[in-house]
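Undergrad: Questions regarding the structure given below will be posed in turn.
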Amino acid sequence: MAEKHAYMEDQDVKDFTKEIQEYHLGPLWEAIPALMNHTPKPHAVPYLWSDELLKKKLSEAAEIFTPDRGGERRAIYFQNPGLTYRQPWGWASTTQTLYAAVQLLLPGEVAPSHRHSQSALRFITDGEGAYTIVEGERIFMQEGDFLITPKNLWHGHGHVGDKPMIWMDALDIPTIYSIGGTFFEPFPNKIETPTRPDNFSEQRYSGGMVRPINDRYSSVAPLANYKWKRTEDAIKGLTRFEPDPYDGYAVEYINPSNGQTANPTMGAWMQLLPKGFRTKAHRHTHSTIYQVHQGSGYTVINGERFDWKKGDYFCIPNWAWHEHVPAEDSYLFSVNDLPIMERFDLEKSQNLEENNGEQKIIGEFKAFR
Ligand code: GTQ
1 MAEKHAYMED
11 QDVKDFTKEI
21 QEYHLGPLWE
31 AIPALMNHTP
41 KPHAVPYLWS
51 DELLKKKLSE
61 AAEIFTPDRG
71 GERRAIYFQN
81 PGLTYRQPWG
91 WASTTQTLYA
101 AVQLLLPGEV
111 APSHRHSQSA
121 LRFITDGEGA
131 YTIVEGERIF
141 MQEGDFLITP
151 KNLWHGHGHV
161 GDKPMIWMDA
171 LDIPTIYSIG
181 GTFFEPFPNK
191 IETPTRPDNF
201 SEQRYSGGMV
211 RPINDRYSSV
221 APLANYKWKR
231 TEDAIKGLTR
241 FEPDPYDGYA
251 VEYINPSNGQ
261 TANPTMGAWM
271 QLLPKGFRTK
281 AHRHTHSTIY
291 QVHQGSGYTV
301 INGERFDWKK
311 GDYFCIPNWA
321 WHEHVPAEDS
331 YLFSVNDLPI
341 MERFDLEKSQ
351 NLEENNGEQK
361 IIGEFKAFR
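Here the UniProt record's numbering is used: the first residue of the sequence shown is 1, the next is one more, and so on.
This is the structure in structure tokens:
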């Protein structure tokens, strides 16, 4: 709740406030408590979408919407209930800055190529045999792979396998929308023809620790697919050391030509929370969207318990207290807007000092299943 001041109830103030609005003017003395909260008060709320619900709705969508029918992707996005559906402010927002969705592609289908000024990333959750084609490179996707589609590059998807394929999309749509930077263009012919060897960028970076000499000067997307095996090995290597008290064993996907985050506007992490390890509660300016890649457990967000298991998605808005409690070894994939907050020099965090960093649980979230 925004602060209330006594003058806000005075009739002469109210009348004047109303009157100047006719001239498209606004009184700061009315607005400031809501405009300038003492600490971040996101409109986004903590929320969780279950694996069962998503699988059910995607299979229903398969009957209703084919990429042929609309020339678009069969993606269902996570609409944060705290943000306003179909209003410019909040439409298709999972947190205030980020959009995420699940996308289903069936064998033989094609999601037509297009390009846009939003950056995209994908995390593969189910199946194999589909590829994304980015600037003429077919990149085949498997469970656990992380992929980027940098802004303004042509991209479409095709499926030459025999099982349905599902993945998570995350884009900076709400951010680009709100700053007025949106450009979009469909590809002239349904989908690009390959112009490079399949999995080209992944092969160029197969050294892992070294970069091709041509990439000394950073390029946008030298590596398109970050294979699960490598991520898993990197995390396993970390488990010989002490876990981070707030995030366990966590790694960030980076652009290997410049060491920055793989997408310039979105951070992406994979973290292992070993069984028996409980993170300490903290909160930070950036917001996060999680996908449970493996395992089960719960996360306490602002005192509310969110139980999760493989395939569930949940979001933690800005400045919300949170701690994770895995019931077994659990891998969480996540996307955050930390790079945006850092670009504005706004990132801050605070650790919960009382009760040894454990929140008191005051409620349990009931997800649609
Ligand atoms: O697959 O290219 O969920 O362009 C939203 C926008 C997916 C995609 C989304 C996109 C895509």
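For glycine and all other residues, C-beta sits at the position ideal for the given N, C-alpha and C.
Is the beta carbon of Phe-333 sitting closer than 8 angstroms to the one on Ser-50?
TA: Taking the first residue of the sequence shown as position 1, residue 333 is located at position 333. Taking the first residue of the sequence shown as position 1, residue 50 is located at position 50. The answer is no: Cβ separation not under 8 angstroms.
Undergrad: What's the call for Lys-366, buried or exposed, on a 16-neighbour Cβ count within 10 Å?
TA: As a position in the sequence shown, residue 366 is number 366, starting the count at 1. Lys-366 comes out exposed.
Undergrad: Can you find a CB in chain B that lies within less than 8 angstroms of the CB of Ile-340?
TA: Absent from the structure is chain B; it holds one protein chain and no more.
Undergrad: What did DSSP end up calling Pro-67 once you bin it into helix, strand or coil?
TA: Looking up residue 67 in the sequence shown gives position 67. In this structure, Pro-67 counts as helix in the three-state DSSP scheme.
Undergrad: Would the beta-carbon of Arg-122 fall within 8 angstroms of that of Pro-194?
TA: Position 122 of the sequence shown, counted from the first residue, corresponds to residue 122. Position 194 of the sequence shown, counted from the first residue, corresponds to residue 194. Cβ distance not < 8 angstroms, so Arg-122 and Pro-194 don't count as in contact.
Undergrad: Between which two residues does the beta strand (DSSP E) holding Ile-254 run?
TA: For the purposes of this step, residue 254 is taken as the residue at position 254 of the sequence shown. From DSSP, Ile-254 is part of no beta strand (DSSP E); its letter is neither H nor E.
Undergrad: Sorted by chain position, which residues of the same chain lie with C-beta nearer than 7 angstroms to Asn-302's C-beta, five sequence neighbours on each side aside?
TA: Sequence index remark: in the sequence shown, residue 302 carries index 302 (1-based). Excluding sequence neighbours, Asn-302 sits near Pro-46, Ala-320 and Trp-321.
Undergrad: Considering only heavy atoms of the ligand GTQ, does any lie closer than 7 angstroms to the CB of Gln-350?
TA: As a first step, residue 350 must be located in the sequence shown, where it is residue number 350. Result no, Cβ not under 7 angstroms from the ligand GTQ.
Undergrad: Cutting at 6 angstroms between CB atoms, please list the residues of its own chain near Val-13, excluding the five before and the five after it.
TA: As a first step, residue 13 must be located in the sequence shown, where it is residue number 13. Sequence-distant Cβ neighbours of Val-13 in its own chain, meaning closer than 6 angstroms and more than five residues away, are Tyr-7.
Undergrad: Cβ-heavy atom distance between Arg-138 and the ligand GTQ below 7 angstroms?
TA: By 1-based counting over the sequence shown, the position of residue 138 is 138. No, the beta carbon of Arg-138 sits no closer than 7 angstroms to any heavy atom of the ligand GTQ.
Undergrad: Is the CB-CB distance between Ile-76 and Ala-61 below 8 angstroms?
TA: On the sequence shown, position 76 is the one that residue 76 refers to. On the sequence shown, position 61 is the one that residue 61 refers to. One thing to note: Ile-76 has its Cβ within 8 angstroms of the Cβ of Ala-61.
Undergrad: Taking only the alpha-carbon atoms, compute the straight-line gap between Arg-305 and Pro-256 and give it to the nearest angstrom.
TA: As a working note, residue 305 is residue 305 in the sequence shown. As a working note, residue 256 is residue 256 in the sequence shown. Near 37 angstroms, if we compare the C-alpha coordinates of Pro-256 and Arg-305.
Undergrad: Only counting the same chain, and skipping five residues up and downstream in sequence, which positions put a Cβ closer than 7 angstroms to that of Asp-247?
TA: Mapped onto the sequence shown, residue 247 falls at position 247. Gln-271 and Thr-279.
Undergrad: Under three-state DSSP, which class holds Tyr-23?
TA: Locating residue 23 in the sequence shown gives position 23, where the first residue counts as 1. In the structure shown, Tyr-23 sits in coil (DSSP, three-state: anything other than H, G, I, E or B).
Undergrad: Decide if the region 293 to 302 is in contact with the region 25 to 36; the criterion is three or more beta carbon pairs, one per stretch, under 8 angstroms apart.
TA: no
Undergrad: How would you call Val-102, buried or exposed, if buried means at least 16 neighbouring beta carbons within 10 angstroms?
TA: The count along the sequence shown starts at 1 and reaches residue 102 at position 102. Answer is buried; the Cβ neighbour count reaches 16.
Undergrad: When you compare the region 230 to 238 with the region 170 to 179, are there three or more beta-carbon pairs, one atom per stretch, that lie closer than 8 angstroms?
TA: no
Undergrad: Is any heavy atom in the ligand GTQ found nearer than 7 angstroms to the beta carbon of Ala-120?
TA: Your numbering for residue 120 matches position 120 in the sequence shown. Checking the Cβ of Ala-120 against the ligand GTQ gives yes.
Undergrad: Given that a residue counts as buried once 16 or more other Cβ atoms are within 10 Å of its Cβ, and exposed if not, what is Met-165?
TA: As a first step, residue 165 must be located in the sequence shown, where it is residue number 165. When all chains shown are included, Met-165 counts as buried.
Undergrad: Comparing the CB of Ala-111 with every heavy atom of the ligand GTQ, is any distance shorter than 7 angstroms?
TA: What you label residue 111 is simply residue 111 of the sequence shown in a count that begins at 1. For Ala-111, the Cβ falls inside the 7 angstroms cut-off from some heavy atom of the ligand GTQ.
Undergrad: Going straight from the alpha carbon of Gln-11 to that of Glu-22, what length do you get?
TA: What you label residue 11 is simply residue 11 of the sequence shown in a count that begins at 1. What you label residue 22 is simply residue 22 of the sequence shown in a count that begins at 1. About 17 angstroms.
Undergrad: In this structure, how does DSSP classify Gln-103 when only helix, strand and coil are distinguished?
TA: The residue labelled residue 103 in the question sits at position 103 within the sequence shown. Correct three-state label for Gln-103: strand.
Undergrad: Compute every distance between the C-beta of His-155 and the non-hydrogen atoms of the ligand ZN, then say whether any falls below 7 angstroms.
TA: This structure simply doesn't include the ligand ZN; it includes the ligand GTQ instead.
Undergrad: Using only CA atoms, which one of Ser-287, Pro-186, Leu-147 and His-159 lies nearest to Ser-117?
TA: Against the sequence shown, residue 117 aligns to sequence position 117. It is Pro-186 whose Cα lies nearest to the Cα of Ser-117.
Undergrad: Leaving aside the five residues before and after Met-1 along the sequence, list all residues of the same chain whose C-beta is less than 6 angstroms from its C-beta, in chain order.
TA: Mapped onto the sequence shown, residue 1 falls at position 1. At Met-1 the pLDDT is 49, less than 50, meaning the model places this residue with poor confidence; the figure from the coordinates comes in the next sentence. None.
Undergrad: For Asp-145, which three-state DSSP category applies?
TA: For the purposes of this step, residue 145 is identified with residue 145 of the sequence shown, where counting begins at 1. DSSP places Asp-145 in coil when its eight states are reduced to three.
Undergrad: Sorted by chain position, which residues of the same chain lie with C-beta nearer than 8 angstroms to Tyr-205's C-beta, five sequence neighbours on each side aside?
TA: Counted from its first residue, the sequence shown places residue 205 at position 205. Answer for Tyr-205: Arg-211, Pro-212, Pro-222, Leu-223 and Pro-256, listed in chain order.
Undergrad: Could you check whether the Cβ of Ala-130 sits closer than 7 angstroms to any heavy atom belonging to the ligand GTQ?
TA: By one-based count along the sequence shown, residue 130 stands at place 130. Checking every heavy atom of the ligand GTQ against the Cβ of Ala-130, none is found closer than 7 angstroms.
Undergrad: Considering only the alpha carbon of each residue, which of Phe-183, Lys-190 and Tyr-131 lies closest to Leu-161?
TA: If you number the sequence shown from 1, residue 161 lands on position 161. Note that residue 161 is Gly in the sequence shown here, rather than Leu. Comparing Cα-Cα distances from Gly-161 to each of Phe-183, Lys-190 and Tyr-131, the minimum goes to Tyr-131.
Undergrad: Measuring CB to CB, does Leu-171 end up less than 8 angstroms from Arg-115?
TA: Here residue 171 refers to the residue found at position 171 of the sequence shown. Here residue 115 refers to the residue found at position 115 of the sequence shown. Not closer than 8 angstroms, so no.
Undergrad: Using the Cα positions of Glu-109 and Thr-94, report the straight-line distance between them to the nearest angstrom.
TA: One-based indexing of the sequence shown puts residue 109 at position 109. One-based indexing of the sequence shown puts residue 94 at position 94. Taking the straight line joining both Cα atoms gives about 27 angstroms.
Undergrad: Exposed or buried, Asn-318, counting other C-beta atoms within 10 Å across all chains shown (16 or more means buried)?
TA: Position 318 of the sequence shown, counted from the start, is the residue given in the question as residue 318. Asn-318 is buried by the Cβ-count criterion.
Undergrad: Can you give the Cα-Cα distance for Gly-357 and Arg-283, rounded to whole angstroms?
TA: To locate residue 357, count along the sequence shown from 1; it is residue 357. To locate residue 283, count along the sequence shown from 1; it is residue 283. Answer to the nearest angstrom: the Cα atoms are 11 angstroms apart.
Undergrad: Less than 8 angstroms between the beta carbons of Pro-42 and Ser-287, yes or no?
TA: For the purposes of this step, residue 42 is taken as the residue at position 42 of the sequence shown. For the purposes of this step, residue 287 is taken as the residue at position 287 of the sequence shown. Annotated as proximal: Pro-42 and Ser-287, with beta-carbon spacing under 8 angstroms.
Undergrad: Quick one: Cα of Leu-104 to Cα of Arg-74, how far?
TA: Working through the sequence shown from its first residue, we reach residue 104 at position 104. Working through the sequence shown from its first residue, we reach residue 74 at position 74. About 6 angstroms.
Undergrad: Within its chain, find whatever has a CB closer than 8 angstroms to the CB of Ser-201; leave out the 5 residues flanking it on each side and keep chain order.
TA: Residue 201 sits at position 201 when you count from the first residue of the sequence shown. Correct list, in chain order: Glu-137, Ile-139, Ala-221, Pro-222, Leu-223, Ala-224 and Asn-225.
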